Each structure stands twice: as structure tokens, then as C-alpha cells.
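Residue numbers (the numbering used here): 1 to 483.
Now the structure itself:
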């Protein structure tokens, strides 16, 4: 293992965090030197020193191995979590050690679940830092690394495959570096455009920037205790719905549509499957809200139902309604949305629509083979045939995903967590969507959970963000020399 190369590249990730700590400190200074200025300054200096340290003693590395690439990615995430919690710990308030860890992991993994009961009491510098962790985590720390890592070496390709799933490659048709550049351009473009739209809709510029960071990163941290419901604006609700859905699409497809000035790139099986699922879940949820008697106003039912479905299926986690007041069917639609989520090549977490489409087609194919034993065919997605190895990877991923959820469920029950929270918490944390059911619902938070339960959920967040296999590979590497 090339420790020097790993330390240098992880140092780059820490420098990104240090940069945003200093920017957040600038926000504090601009707001009459609020109480977050000193904690952010100290945290930024510490993170910068640790991040710059490898550059003093380690020379430029031109290439790293695949094993080193996996280790770089996982360490970049974990150490960013650790240093990202420093501003919270130093500021104090509700941020005990475990709470600061939870908030940091939730921010970087763009989960958006929070332990805070009074977000509006935070100084603006710390609020901006929370949103900045979404901004950094949205594209992935590794994407920042890929923008500045050496242009040669198999590790660049492998790390690109981790952060930009191979299922999404059809949307790019380019080299890994080009794919990363496209993601970065689309990401920044969406943030700028949404900030302008939200400001014009009546949101303050500060709130608009923070909510744009959260929306496009599909994170969910808000500047308000009641999330988007605080603004009580249909216009703002619709704007955020649009950008949550755009951020759930393959960024390569969005880029191609913009460059070609055509919607033709969106006419692909994965996008249609995702949008079709969104429409069906929204209709079922909205109609259930009406027919169950929860809502009497059809317009409000469809707006709330559509917003909450788009929030969960995009793994953003914003809220304009309390799902604890909703009937069971509507809640289950939200949880399924959290499980499937958006498209690969976006900032979404979860299983992803690409895998679910292949999984559904695999089930259909197996049913045909059962009824017609002589039937010979492979899974087909649009004009493309999916080889058996790829199908096997998808099925294995979903089985592992479900297994980890089941284990987490039992562990949370052992911690004394109620069934609703124990069932929904691992699902929404591993999918990086945030709100679950019960005390951790759309208008709730994770503050009441036991410390061990919070820690377990942060592990789920990391597993979901790196999509299982990279973390397992690092663990295997640590214990077996043949990996």
C-alpha cells in the first residue's frame, strides 16, 4: 500500500473542507462576527495544517494502484467527517460529540437528517458550514480529487466508476475526466439557476444559496426549523420540486440536453422509468391523502403529496407537511421512493432507478423462462443488452442492500428504538434521504435516538454513499493481503 500517495490525495480532500470553513468564517464576519467565527477559524486552521502536511514531505505522485484508490476514497470520506465535526464541537450548544459526528456525516453524505431541535438559533456562519458540507458531498469528495489528481493511472478510472456508477456511462460517452467535468459544470449551473429562482420567488439571498446547496446536492439541510413549510409559498414549493427532480437525473443526460437544445437525450429507458415511478407514487400518495380524509383540498393534497414524493425519491429530505399525520399507504410510498431513488450519475443515493429497472426486467425474464423452459434471452434495456455479469452485480447489490437494512433494523431494536424509527431510519439513512417515520419524520429529528443508534445510522450513511462495495473492499484489504 502506497501510504505516501494516499496521504497526499486525502490531504487534497481536507484542503477542500478547509477552504469552505474559511468561507463560512467570512460569512460569520459579514454577519457582525457571530459566535461561529472563532470555532470556524480554529477548525479551518487545524484542517488546513493537516491537509497541507503531506505536501511538505511527500513528492508528487503520478499514479496510484486500484487498492490505493479505494483506500483514498474511503479515508477521504471518513477524515472529512472527523474534521467536519470540529466547528460543531467547538461551538457547543446541542452538539455533543456524537451529535456533532452525526451532523457531520449527515452533511457530507447529503443525508440531511439532523439532531438539531432549533436550527434557527444557530449563527449564520455555522448554518452556512452545514450547507457547505452538502455542497462538498454532493459531487463527492472523490470528484474534487479527480479534478486535480494525476491524469494517468488506473485509479482515476476506478474512482470515477465509484462516484459515477458504470450504469450511468451511457449519459457521458466520454473519458472519465470529461465525465467529472460535465458533472461539475451541471452541478454549479443548477445551483446558480436555483439560487436566482428562489431569490426572485421571495426567499432571502442567504436562504436561497443554502437551500440551493441542499437541493442540488439532494441533501436536505434547511435554514428553518420547519424546512420549506416555513415559507408557505406555492411558487417556492414548485421551484424546489423542479430542481429536486432535475438533480435526480443523470447529469450527463442533462448536459447533452442543454448542449443539443433538445429533450431527445431524456428519452431513454432509465429516465422514463424514474419519472414514471415518480408520477405513480405521487398519484397514489395524493389520492390516498384525499380518500383517507387526511386532506379535503385536492390542490393542497396533490401539492403536498408531489412535493414529499419528489423529496424522498430524490433523497433530498425537505418537507412541507408532517408525514406522521398521513395514512400508512402514503407513508409507504415515501419509503419506497427512498429505496429506489433517482438515476446513476446524479447526486442521489439509494439503490438507483438504473438498478431497479434491470432488477424488474430480470424478474420478468425469469418468469418467462419458468413458463417456457426453452426460452433463451438476456435482459434488454432500450436498445442495449445487459450481460449476465452486470445483471448478477445488480442483483447482488440489491440483496446486500436489503441485508444491511435488516441487520441495522435489528441493531436499532436492540438499542431500544421504536419499530417505526428502527425500520425507517436505516432505510432513509442508507439511501441518504433523511426523514423517516415517527420521531424522525419530516417534521422531526434524530435527537431523541440513543447514541449507539445514531452511530449505527452514520455507518449506514457511509455505506449508502459509497455504494457498499468500495467500503467492503477496503475492509477486505485491511485483513487480507491477496486483495
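For every residue, glycine included, the Cβ atom is placed at its ideal position computed from N, Cα and C. These numbers were taken from a predicted model, which means no experiment stands behind them.
Measuring straight from C-alpha to C-alpha, what distance separates residue i and residue j?
i: residue 183; j: residue 244; result: 16 Å
i: residue 354; j: residue 25; result: 40 Å
i: residue 314; j: residue 31; result: 33 Å
i: residue 188; j: residue 237; result: 21 Å
i: residue 286; j: residue 306; result: 7 Å
i: residue 38; j: residue 84; result: 15 Å
i: residue 226; j: residue 265; result: 37 Å
i: residue 442; j: residue 326; result: 11 Å
i: residue 429; j: residue 374; result: 43 Å
i: residue 438; j: residue 445; result: 10 Å
i: residue 13; j: residue 232; result: 38 Å
i: residue 300; j: residue 290; result: 10 Å
i: residue 419; j: residue 200; result: 43 Å
i: residue 116; j: residue 94; result: 7 Å
i: residue 57; j: residue 8; result: 9 Å
i: residue 257; j: residue 345; result: 15 Å
By the three-class DSSP mapping on this structure, what secondary structure does residue i have?
i: residue 327; result: coil
i: residue 386; result: strand
i: residue 261; result: coil
i: residue 99; result: helix
i: residue 269; result: helix
i: residue 187; result: helix
i: residue 343; result: coil
i: residue 229; result: helix
i: residue 249; result: coil
i: residue 209; result: helix
i: residue 120; result: helix
i: residue 134; result: helix
i: residue 194; result: helix
i: residue 276; result: helix
i: residue 399; result: helix
i: residue 475; result: helix
i: residue 33; result: coil
i: residue 255; result: helix
i: residue 332; result: helix
i: residue 76; result: helix
i: residue 371; result: helix
i: residue 319; result: coil
i: residue 201; result: coil
i: residue 456; result: helix
i: residue 306; result: helix
i: residue 115; result: coil
i: residue 416; result: coil
i: residue 172; result: With a pLDDT of 44 at residue 172, under the threshold of 50, the modelled position of this residue cannot be trusted; read the value that follows with caution. Coil, per DSSP.
i: residue 433; result: coil
Counting along the chain, where does the beta strand (DSSP E) carrying residue i start and finish?
i: residue 381; result: 379-381
So which of the options has the shortest CA-CA distance to residue i?
i: residue 128; options: 87, 339, 226 and 109; result: 87
i: residue 20; options: 73, 71, 137 and 55; result: 137
i: residue 207; options: 125, 456 and 84; result: 125
i: residue 389; options: 399, 383, 378 and 382; result: 378
i: residue 216; options: 201, 442, 239 and 452; result: 239
i: residue 431; options: 272, 248, 44 and 387; result: 248
i: residue 329; options: 76, 341, 309 and 317; result: 309
i: residue 394; options: 359, 139, 117 and 278; result: 359
i: residue 190; options: 41, 209 and 363; result: 209
i: residue 383; options: 219, 94, 270 and 140; result: 270
i: residue 98; options: 423, 448 and 411; result: 448
i: residue 332; options: 436, 134 and 17; result: 436
i: residue 59; options: 467, 106, 277 and 6; result: 6
i: residue 52; options: 372, 204 and 17; result: 17
i: residue 425; options: 34, 95, 111 and 140; result: 111
i: residue 118; options: 224, 200, 48 and 213; result: 224
i: residue 466; options: 220, 78 and 451; result: 78
i: residue 317; options: 440, 186 and 475; result: 440
i: residue 392; options: 406, 410, 420 and 362; result: 362
i: residue 277; options: 213, 339 and 115; result: 339
i: residue 22; options: 43, 92, 268 and 220; result: 43
i: residue 433; options: 202, 40, 108 and 48; result: 108
Looking at the unbroken alpha helix (DSSP H) that takes in residue i, where does it start and where does it end?
i: residue 39; result: 37-57
i: residue 426; result: 419-430
i: residue 295; result: Taken as a continuous stretch (DSSP letters only), residue 295 belongs to no alpha helix (DSSP H), as it is neither H nor E.
i: residue 352; result: Looking at the DSSP string, residue 352 is not in any alpha helix (DSSP H), and its letter there is neither H nor E.
i: residue 440; result: Where residue 440 is concerned, there is no enclosing alpha helix (DSSP H), given that its DSSP letter is neither H nor E.
i: residue 449; result: Element bounds for residue 449: n/a, residue is neither H nor E.
i: residue 221; result: No alpha helix (DSSP H) holds residue 221; DSSP gives it neither H nor E.
i: residue 9; result: 3-30
i: residue 87; result: 86-91
Q. Is the region 313-329 in contact with the region 252-262, if contact means three or more CB pairs nearer than 8 Å?
A. no
(Q) Using a Cβ distance threshold of 8 Å, determine whether the region 390-401 contacts the region 350-368, with at least three qualifying pairs required. (A) yes
Q | Three or more C-beta pairs below 8 Å linking the region 453-466 and the region 93-113 | A | yes
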